[in-house]
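Working notes, beginning with the structure itself.
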Amino acid sequence: MKTIIINASPRKNSNTAKLLKSAQKGAESVGAETEYIDLYDLNFTGCRSCMACKRKGAEPCKCYWKDELSPVLDRIFEADTILIGSPIYLGDTSSHFHALLERMDFVTLSYNDYSCLFKGKLNVGIILTMNAPKQYYDEVYRVKFQDQIGEFERFGGSVEVYPCCDTLQVKDYSKYEMGAWSEEHKKEVHEKEFPKNLEEAFQIGAKLSK
Numbered sequence: 002m003k004t005i006i007i008n009a010s011p012r013k014n015s016n017t018a019k020l021l022k023s024a025q026k027g028a029e030s031v032g033a034e035t036e037y038i039d040l041y042d043l044n045f046t047g048c049r050s051c052m053a054c055k056r057k058g059a060e061p062c063k064c065y066w067k068d069e070l071s072p073v074l075d076r077i078f079e080a081d082t083i084l085i086g087s088p089i090y091l092g093d094t095s096s097h098f099h100a101l102l103e104r105m106d107f108v109t110l111s112y113n114d115y116s117c118l119f120k121g122k123l124n125v126g127i128i129l130t131m132n133a134p135k136q137y138y139d140e141v142y143r144v145k146f147q148d149q150i151g152e153f154e155r156f157g158g159s160v161e162v163y164p165c166c167d168t169l170q171v172k173d174y175s176k177y178e179m180g181a182w183s184e185e186h187k188k189e190v191h192e193k194e195f196p197k198n199l200e201e202a203f204q205i206g207a208k209l210s211k
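Under this note's numbering, the first residue of the sequence shown is numbered 2, with each subsequent residue one higher.
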């Protein structure tokens, strides 16, 4: 089994990355071969609409644009599982998360009948980290992201979403203009809940990579 872990956060060692690394350990615990990718290290954009993937005789599910994401897409479609983590910025997933999904969607979309050209089975785990509390996620974000996350269901495998809410964004809030939040509350939640979040991420990595 092959599991690819994709960090769609610009931060390499913060909440999203820590959860993904725990999910990676979960995947490895069940014997999966893993690869960890920081998207913000790669030079790429969203779909360029070059239409090369729609030419007659083109290899299905292959992006022909020559950038650093195209070979990653090849490896994704050869894998059994992908685990993607994204922070929520301004009420949405990161721009790199959007670009990745856009590229995955376009190369697998048939322009003959709008069917999915990918005929394999790709399990997908999505980890979302956010400053918003769990109640706000349940009442607003869960429905808002339903269609976006639902795009991954077209790849034939299981899709699981795990929200990590009310995150600790910085170590010392007094150094920033962040008066809307209580540092005491954030640290209390982080100390109590984040170890549980790490364990949940581990279990998701293990479950989807079996």
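Quick reminder that beta carbons are idealized off the backbone N, C-alpha and C, glycines included.
On a predicted model such as this, the values are computed, not experimentally measured, just so you know.
I need the boundaries of the beta strand (DSSP E) containing residue i, first residue and last residue.
i	result
T168	Looking at the DSSP string, T168 is not in any beta strand (DSSP E), and its letter there is neither H nor E.
K3	3-8
Which one or two residues does DSSP pair with residue i in a beta bridge?
i	result
I128	G86, Y163
E34	K3
C117	L110
D93	Y90
G157	L123
Per DSSP, what kind of secondary structure is residue i in: helix, strand or coil?
i	result
K135	helix
L21	helix
D42	helix
K176	helix
C54	helix
E60	coil
Would residue i pass as a contact of residue j if the rule is Cβ separation under 7 Å?
i	j	result
S210	A33	yes
H97	A9	yes
H62	L118	Per the sequence presented here, residue 62 reads as Cys, with His not at that position. In this structure, L118 lies closer than 7 Å to C62 by Cβ.
T130	T17	yes
V162	I127	yes
F45	E69	yes
Just to confirm the assignment, what range does the alpha helix (DSSP H) spanning residue i have?
i	result
M105	96-109
E185	184-209
R76	71-79
D148	147-151
Q: Determine contact between the region 135-142 and the region 169-176, defined as no fewer than three beta-carbon pairs at a distance below 8 Å.
A: no
Q: Determine contact between the region 21-31 and the region 50-62, defined as no fewer than three beta-carbon pairs at a distance below 8 Å.
A: no
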